[in-house]
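Enquirer: What follows is a structure written as C-alpha cells; I'll ask about it next.
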Amino acid sequence: MEQGKISVIVPVYRVEDYLERCVNSICNQTYRNLEIILVDDGSPDRCPEICEALAARDERIVVVHKENGGMPSARNAGLDIATGDYVSFVDSDDWIGLETYEHMMSAMEDRVQVVVGGLGTCKNEEELVNKFCFDHRDRCSGEQALLKLLYSPRRGDSQQMLHVHVIMCNKLFRMELWRDIRFDNIVSEDLPAMFRIYRITDQVAYIPELVYYYFQRPDSISHSGNEYEWLRNNLKAIKKMTEYADTKGLVEGCVDMQVVIEFSLLNSTVIANDKQAYWENRKEFLQCMKTYGKTSKGYTIKYKVGLFMLRYLPHLFWAYTRRKYCVSE
Numbered sequence: 005m006e007q008g009k010i011s012v013i014v015p016v017y018r019v020e021d022y023l024e025r026c027v028n029s030i031c032n033q034t035y036r037n038l039e040i041i042l043v044d045d046g047s048p049d050r051c052p053e054i055c056e057a058l059a060a061r062d063e064r065i066v067v068v069h070k071e072n073g074g075m076p077s078a079r080n081a082g083l084d085i086a087t088g089d090y091v092s093f094v095d096s097d098d099w100i101g102l103e104t105y106e107h108m109m110s111a112m113e114d115r116v117q118v119v120v121g122g123l124g125t126c127k128n129e130e131e132l133v134n135k136f137c138f139d140h141r142d143r144c145s146g147e148q149a150l151l152k153l154l155y156s157p158r159r160g161d162s163q164q165m166l167h168v169h170v171i172m173c174n175k176l177f178r179m180e181l182w183r184d185i186r187f188d189n190i191v192s193e194d195l196p197a198m199f200r201i202y203r204i205t206d207q208v209a210y211i212p213e214l215v216y217y218y219f220q221r222p223d224s225i226s227h228s229g230n231e232y233e234w235l236r237n238n239l240k241a242i243k244k245m246t247e248y249a250d251t252k253g254l255v256e257g258c259v260d261m262q263v264v265i266e267f268s269l270l271n272s273t274v275i276a277n278d279k280q281a282y283w284e285n286r287k288e289f290l291q292c293m294k295t296y297g298k299t300s301k302g303y304t305i306k307y308k309v310g311l312f313m314l315r316y317l318p319h320l321f322w323a324y325t326r327r328k329y330c331v332s333e
C-alpha cells in the first residue's frame, strides 16, 4: 500500500465537549502518515486551549487560529496550508473508524482520485441509529459519480443515501484535485464543491467499510428539526452548483435536483401551515420551471400530478397535502 501523507482538516467551533473524541479517532488511526490540521474558527469556548493541548501530545497536529468565518472558510484555511498528498475532512463533533484511512488508501490506486466509504449516524459511541455501506468494492468515472449525486433525490433515495454522495467527510481525495478549488461561503457548501471535484475526477472508488460516524447533535444546524431551513440551504447550494455547470446535460441535472428539492420545500410549507411561504415558494418554483423549460416528462406519476396541481390547482395542492400529512383541522 502506498504510504503518502494524508492531510486531515478539522474545522473547530464550539465543540469543547466533543473535540477530543474526534481528534483521538484521527490520531489513533492504523494508517500513521498523517498531518492533522485543527482550524480554530474563532471559537469562544475552551476549544482554542484544547487544540493547543492536543498538539502538544502529537507532533502531527498543526493548529491554526483565525477569526470566525464559518465552516467553508475554516476548511479553506486548512487547504491553504495542507502539505499532504491526499486530503480528508472531519467535522469536529464526529469521529472516524480506527482503520478508516487504511481502508481508503488500499483503494487509492491506478487512476482513482476519490475514495468513498460508508456512513453511519449516531446518537453516541454505542448507539448507531442507521448506516449506509456499499455492498462491495466498485469503481466508476467522475462523470458517473456526478450523475449519482445529481439524480439521487429524483430516484427517491433516502437522505442517508444522498449524504453518502454529497458530504465531504466520508471521502478521501488526491490533493491535486483541490489545486484550483475552494469552498463557497454558503451553508451546505459540500454540494457545489463535490460537483466541481467530480467534474475533474478521473476515477471514483467505493468501498464497503463504514468509515465515518456522523454525530446527531440536537443543537447542530442539520439536526435542529427545522426542515424548511435545511431545504432552503440545500436549494441555495444547488443554485450555486448550477453556476458551475458548463454543459446542457449538467444544467438539466442540476435543475432536476432543484425541482425535487423545491417540491419538498413546498410540501414542508404546507405541513407547517405557512401560507405566505407556500405562495412565495410556488412562485419561485414555477419561475425555475419556466426559465429552464422543464416539463413533467420523465418524472414519476407522483411528481407529474404534483406539478400539474401546483401550476393549475394550487389551492387543491394545499388542501390535499394538508389532508394527507396533517391532523384534521
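Under the working numbering, the first residue of the sequence shown carries the number 5, and numbering increases by one thereafter.
All C-beta atoms, glycine included, are put in the ideal place defined by N, C-alpha and C.
Go through its chain and collect everything with a Cβ distance to Y248's Cβ below 8 Å, but skip five positions before and after it.
Expert: P196, F199, R200, R203
Enquirer: Pick helix, strand or coil for Q148, following the three-state DSSP scheme.
Expert: helix
Enquirer: Which full runs of the beta strand (DSSP E) of 3+ residues lie inside the segment 44-74, going along the chain?
Expert: 65-70
Enquirer: Assuming R178 is part of the beta strand (DSSP E), what are its boundary residues?
Expert: In this chain, the beta strand (DSSP E) harbouring R178 covers 175-178.
Enquirer: DSSP three-state label for L101, please.
Expert: It should be noted that the sequence gives Gly, not Leu, for residue 101. DSSP places G101 in coil when its eight states are reduced to three.
Enquirer: Pick out the complete beta strand (DSSP E) segments inside the segment 234-265, 3 residues or longer, and give them in chain order.
Expert: Counting only runs of 3 or more, we get nothing.
Enquirer: Expressed to the nearest angstrom, what Euclidean distance is found between the alpha-carbon atoms of S228 and T125?
Expert: Unreliable placement is indicated for S228, whose pLDDT of 48 sits below 50; the coordinate value is still reported in the next sentence. Rounded to the nearest angstrom, the two C-alpha atoms are 15 Å apart.
Enquirer: Answer yes or no: do A81 and E39 have a C-beta to C-beta separation smaller than 8 Å?
Expert: no
Enquirer: Rounded to whole angstroms, what's the CA-CA distance from V274 to K152? Just pull it up for me.
Expert: Rounded to the nearest whole angstrom, the CA to CA distance from V274 to K152 is 29 Å.
Enquirer: Compute the Euclidean distance between the alpha carbons of V14 and I190, then round it to the nearest angstrom.
Expert: 18 Å
Enquirer: Going by DSSP, what residue range makes up the alpha helix (DSSP H) through G325?
Expert: It should be noted that the sequence gives Thr, not Gly, for residue 325. Unbroken alpha helix (DSSP H) run through T325: 318-329.
Enquirer: Assign N238 to one of two classes, buried (16 or more other C-beta atoms within 10 Å of its C-beta) or exposed (fewer than that).
Expert: With a 10 Å radius around the Cβ and a threshold of 16 neighbouring Cβ atoms, N238 comes out buried.
Enquirer: Quick one, which of P212, L320, L83, E130 has its alpha-carbon nearest I185's?
Expert: Among P212, L320, L83, E130, the Cα nearest to that of I185 is on L83.
Enquirer: What three-state label does DSSP hand I275 in the structure shown?
Expert: Three-state result, I275: helix.
Enquirer: Just confirm the distance between the C-beta atoms of A281 and V208, as a whole number of angstroms; I'd bet it's less than 8 Å.
Expert: About 37 Å; that fails the 8 Å criterion.
Enquirer: Which residues mark the beginning and the end of the alpha helix (DSSP H) in which N28 is found?
Expert: Annotation for N28: the continuous alpha helix (DSSP H) segment containing it runs 23-31.
Enquirer: Measure the C-alpha to C-alpha separation of R183 and V91 and round it to an integer number of angstroms.
Expert: Roughly 12 Å separates the two Cα atoms.
Enquirer: When the distance is taken between beta carbons, is I265 closer than 8 Å to A111?
Expert: no
Enquirer: Can you name the start and end residues of the alpha helix (DSSP H) that Y202 belongs to?
Expert: 194-203
Enquirer: By Cβ distance, which residues of its chain are closer than 6 Å to R18, with the 5 residues on each side in sequence left out?
Expert: Result list for R18: S47, D49, in chain order.
Enquirer: Relative to the alpha-carbon of Y307, which residue among F321, L58, E106 has its alpha-carbon at the smallest distance?
Expert: F321
Enquirer: Thinking V215 and T34 are a contact (beta carbons under 8 Å), I'd like their distance in whole angstroms, please.
Expert: Not quite, the Cβ-Cβ distance comes to about 12 Å (not below 8 Å), so this is no contact.
Enquirer: Can you grab the Cα-Cα spacing for the pair T205 / L317, in whole Å?
Expert: Approximately 44 Å, taken between the alpha carbons.
Enquirer: May I ask you to report which of helix, strand or coil DSSP gives A86?
Expert: coil
Enquirer: Let's see if you can read the secondary structure: which residues bound the beta strand (DSSP E) around S11?
Expert: 10-16
Enquirer: Just to confirm, are K175 and V118 a CB contact at a threshold of 8 Å?
Expert: At a Cβ-Cβ threshold of 8 Å, K175 and V118 count as neighbours.
Enquirer: Could you check how far apart the C-beta atoms of S96 and L181 are, in whole angstroms? I think they sit under 8 Å.
Expert: With a Cβ gap of about 23 Å, S96 and L181 do not count as contacting.
Enquirer: Specify the secondary structure class of E129 as computed by DSSP and reduced to three states.
Expert: In this structure, E129 counts as coil in the three-state DSSP scheme.
Enquirer: Measuring straight from C-alpha to C-alpha, what distance separates N37 and C31?
Expert: Straight-line Cα distance between these residues: approximately 10 Å.
Enquirer: Cα-Cα, which of E256, K287, C137 is closest to L311?
Expert: The shortest Cα separation from L311 among E256, K287, C137 belongs to K287.
Enquirer: Taking DSSP's pairing of strands, which residues face Q207 in a bridge?
Expert: V116, S145
Enquirer: Would a C-beta distance cut-off of 8 Å place M261 and L154 closer than the cut-off?
Expert: The answer is yes: Cβ separation under 8 Å.
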